[in-house]
Amino acid sequence: MKSIITIIRPDKFESVKNSLEELGIHGMTVEDVKGRGRQLGITESYRGKDYNVDLLPKVRLEIIVKAADVDKVVNSIIENAKTGDIGDGKIFISPIEEVVRIRTGERGEEAI
25 MKSIITIIRP DKFESVKNSL EELGIHGMTV EDVKGRGRQL GITESYRGKD
75 YNVDLLPKVR LEIIVKAADV DKVVNSIIEN AKTGDIGDGK IFISPIEEVV
125 RIRTGERGEE AI
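Residues in the sequence shown are numbered from 25 upward in steps of one, following our numbering.
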């Protein structure tokens, strides 16, 4: 099993979510976050004065999947989150040792 954490643009979230549901991936944790990477923020103007916004709004999505599903999930996220511009986001993949469903006590892939 693997944990896939992705940071994407907020306007791409619905597209990514819908594509994951088409793959049969329904369980996810979603957070609105702020952050920055190489983009280092943007400069905006307000009432004629420029100011730097260095922490931009993003969506953090965490999914636990079977190891066999990692490539199709990652490819789906890339396909639906990519704009080609700086600031599209990142995907982090980590191993998961165990999953336990609290309600039933199921363990491993059955608990996903």
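Positions of the beta carbon are idealized from the N, C-alpha and C atoms, including for glycine.
- Between the stretch 100 to 115 and the stretch 31 to 44 there are three or more inter-stretch CB-CB distances shorter than 8 Å, so the stretches are counted as touching.
- For LYS41, the enclosing alpha helix (DSSP H) has its first and last residue at 37 to 46.
- The beta carbon of ASN104 sits closer than 7 Å to the beta carbons of LYS36, SER39, VAL40, SER43 from its chain, once the five residues preceding and following it are set aside; these are given in chain order.
- According to the DSSP secondary-structure assignment, ASP56 is paired through a beta bridge with VAL83.
- The beta carbon of GLU130 is closer than 8 Å to those of VAL124 in its chain, skipping five residues each way along the sequence.
- With contacts defined as CB atoms closer than 8 Å, LYS90 and ILE136 qualify as a contacting pair.
- Around the beta carbon of LEU85, 16 or more other beta carbons sit within 10 angstroms, so the residue counts as buried.
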